[in-house]
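In what follows, a structure is listed as structure tokens, so that the remarks can point back to it.
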Amino acid sequence: MLNDDELATHRQELRRGTVVLACLLMLGTPNYGYALLTALDAAGFAVDANTLYPLLRRLEKQGLVTSEWNTDEARPRKFYRTSAEGAALAATLTTEWNELGAAFRTLTENS
Amino acid sequence: MTTTASTLTDRYVAEALRGLPARQRADIEAELRTSIADAVEDRLEAGADAATAERDVLAELGAPRRLAAKYSDRPEYLIGPDLYLDFVRVLTVLLSTVVPIWFLFSGVVIFVAGSSALDTLGAAVVGAIETAISIAVLTTLVFAIIERTGRSKRSAWDPASLPEVLDKRGYFAELIGGVTFALLIAGTLVALQTVGTVEGTDGARVGPIATALWGSGVFYIALFYAAVSISLHVFAYYTGWSVSNAVATVALGVLFVVPAVWLTASGQLLNPDYFEAIGWPAGLGIVTGIVVAVIVLLSAMDSIDGIVRATRKRRTR
Numbered sequence: 001m002l003n004d005d006e007l008a009t010h011r012q013e014l015r016r017g018t019v020v021l022a023c024l025l026m027l028g029t030p031n032y033g034y035a036l037l038t039a040l041d042a043a044g045f046a047v048d049a050n051t052l053y054p055l056l057r058r059l060e061k062q063g064l065v066t067s068e069w070n071t072d073e074a075r076p077r078k079f080y081r082t083s084a085e086g087a088a089l090a091a092t093l094t095t096e097w098n099e100l101g102a103a104f105r106t107l108t109e110n111s
Numbered sequence: 112m113t114t115t116a117s118t119l120t121d122r123y124v125a126e127a128l129r130g131l132p133a134r135q136r137a138d139i140e141a142e143l144r145t146s147i148a149d150a151v152e153d154r155l156e157a158g159a160d161a162a163t164a165e166r167d168v169l170a171e172l173g174a175p176r177r178l179a180a181k182y183s184d185r186p187e188y189l190i191g192p193d194l195y196l197d198f199v200r201v202l203t204v205l206l207s208t209v210v211p212i213w214f215l216f217s218g219v220v221i222f223v224a225g226s227s228a229l230d231t232l233g234a235a236v237v238g239a240i241e242t243a244i245s246i247a248v249l250t251t252l253v254f255a256i257i258e259r260t261g262r263s264k265r266s267a268w269d270p271a272s273l274p275e276v277l278d279k280r281g282y283f284a285e286l287i288g289g290v291t292f293a294l295l296i297a298g299t300l301v302a303l304q305t306v307g308t309v310e311g312t313d314g315a316r317v318g319p320i321a322t323a324l325w326g327s328g329v330f331y332i333a334l335f336y337a338a339v340s341i342s343l344h345v346f347a348y349y350t351g352w353s354v355s356n357a358v359a360t361v362a363l364g365v366l367f368v369v370p371a372v373w374l375t376a377s378g379q380l381l382n383p384d385y386f387e388a389i390g391w392p393a394g395l396g397i398v399t400g401i402v403v404a405v406i407v408l409l410s411a412m413d414s415i416d417g418i419v420r421a422t423r424k425r426r427t428r
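So the sequences go chain by chain: X and G.
Residue 91 in our numbering sits at position 91 of the first sequence; the count goes up by one each step and never skips.
Residue 346 in our numbering sits at position 235 of the second sequence; the count goes up by one each step and never skips.
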């Protein structure tokens with residue numbers, strides 16, 4: 001039997017990468033760190049804050065999202081938005097995800 | 112514990128930023144503080160008290176140094192999996208070649224400078240340990256720097272670069288044979304010189320080795336050499352023969368052959384009195400010739416053997 005740690009590792013391995021796709025899809029509408037974290041959580045993508053915040057920086061560095069500081073409110077917030085390049089990657093990854101889903105369905109139906 | 116006016120958040124942010132490049136700090140600090148404040152606010156609205164909310168949010172963010180590492184995208188290890196095997200190989204080869212050579216070389220130098228055999232051994236051992244530590248530290252440092260700077264693409268692995276499978280059992284038998292042979296010669300020599308002595312021309316007991324040379328302790332150097340040579344072969348056996356092993360073998364061979372042949376050929380090794388006493392004066396010249404030939408031949412065979420082993424593995428590359 002798998003222990004809890006091993007199970008958690010397997011689940012984490014499988015989910016790795018889905019957060020990037022979820023972010024790129026969600027950031028079609030500009031959003032800031034904490035709000036994106038809760039939105040992802042509500043949408044069923046559990047992600048740690050210490051993973052998401054550095055990830056947003058990395059995506060920005062790769063030109064997949066752009067950012068803008070909004071200082072209108074009491075707290076200055078950094079808003080991220082998916083770039084054209086990011087949207088293109090999201091489309092590619094979505095196709096990939098659907099193909100994988102179809103492949104898994106075929107696998108389970110045939111077994 | 113020191114009590115300061117700074118909040119837990121201040122301390123957390125300061126600790127996280129410390130590990131980050133200066134140009135990123137201001138931006139990350141602003142975003143991190145807002146994110147923490149947002150999360151705390153959420154918990155306060157849900158009914159938590161301020162201190163608990165802050166502590167929980169920071170606990171969830173995890174150790175600040177880990178967060179900083181994720182931001183900076185720098186490796187959290189000294190030598191990664193890409194370099195680890197090369198690191199181990201280089202370290203093994205360096206340790207198994209440089210350390211014994213240094214041990215031998217420093218031993219000879221210290222001994223020739225006039226130290227006793229025991230002092231020489233002690234100094235050479237200390238020197239060898241220091242050399243080993245220096246090599247380990249420097250190699251690790253170099254690989255850690257490569258890990259952080261040399262992100263160049265490594266060439267694709269080619270199956271043709273696989274080393275030949277060598278018959279280790281055959282070599283092990285050779286190794287045991289070589290060691291036994293060396294011990295046998297040394298044992299015979301010691302026996303002849305100590306219990307097998309004969310009465311010389313002046314009435315004193317003499318052995319086949321010149322008394323002056325035997326008394327000088329030069330044989331401790333030969334013992335040094337044997338110990339180093341054997342350990343070098345054993346290391347090479349376990350780590351696989353490489354060019355460095357072959358070079359070390361040849362270097363050791365030269366280091367031994369030159370003084371040994373010089374001592375023998377110049378008549379300082381054998382005792383003419385001994386050959387007179389056993390009634391075979393002509394034996395001095397004959398045995399001298401045989402000893403020189405055996406020394407040269409054995410060392411040459413050893414060197415050639417080392418080179419062959421090293422190139423046999425490389426040929427396929």
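By construction, the Cβ of each residue, glycine as well, lies at the ideal position given by its N, Cα and C atoms.
All figures in this text were calculated on a predicted structure; none of them were measured in a lab.
Rounded to whole angstroms, the gap between the alpha carbons of proline 175 of chain G and serine 146 of chain G is 14 Å.
One thing to note: threonine 305 of chain G has its Cβ within 9 Å of the Cβ of glycine 318 of chain G. Contact check for tyrosine 80 of chain X against aspartate 153 of chain G fails: the beta carbons are separated by 9 Å or more.
According to the DSSP secondary-structure assignment, lysine 78 of chain X is paired through a beta bridge with X/Trp69.
Any Cβ of chain X closer than 9 Å to the Cβ of serine 342 of chain G would place that residue at the interface, and such an atom is absent.
Put simply, the backbone Cα of threonine 308 of chain G is about 13 Å away from that of glutamate 387 of chain G.
Residue environment for proline 211 of chain G: buried (at least 16 other C-beta atoms within 10 angstroms of its C-beta). Taking 8 Å as the Cβ-Cβ cut-off, the region 153 to 178 of chain G approaches chain X at Asp153, Glu171, Leu172, Gly173, Arg177, Leu178, given in chain order. Contact annotation: phenylalanine 346 of chain G and serine 245 of chain G have beta-carbon atoms that are not nearer than 9 Å.
Going by C-alpha positions, alanine 362 of chain G is about 10 Å away from valine 368 of chain G. The C-beta of tryptophan 213 of chain G has 16 or more other C-beta atoms within 10 Å across all chains shown, which makes the residue buried. The three-state reading of DSSP puts leucine 381 of chain G in strand, counting E and B together. Ranked by how close their Cα comes to the Cα of leucine 194 of chain G, the residues G/Gly311, G/Leu381, G/Val219, G/Phe254 have G/Phe254 in first place.
Listed by position along chain X, the residues whose Cβ is nearer than 7 Å to that of alanine 141 of chain G are Pro76.
CA-CA distance, arginine 75 of chain X to glutamate 171 of chain G, rounds to 21 Å. In this structure the region 176 to 184 of chain G touches the region 51 to 59 of chain X; the number of beta carbon pairs closer than 8 Å is three or more. Taking 9 Å as the threshold, the shortest C-beta distance from threonine 145 of chain G to chain X falls below it. Here DSSP, grouped into helix, strand and coil, assigns tyrosine 331 of chain G to helix.
For leucine 196 of chain G, the enclosing alpha helix (DSSP H) begins and ends at 192 to 223. With contacts defined by Cβ atoms closer than 9 Å, leucine 143 of chain G and valine 168 of chain G do not form a contacting pair. The beta carbon of proline 30 of chain X sits no closer than 9 Å to any beta carbon of chain G. According to the DSSP assignment, phenylalanine 104 of chain X belongs to the alpha helix (DSSP H) that extends over 84 to 110. Annotation: the continuous alpha helix (DSSP H) that includes valine 19 of chain X extends over 18 to 26. Within 10 angstroms of the beta-carbon of leucine 24 of chain X lie 16 or more other beta-carbons, which makes it buried.
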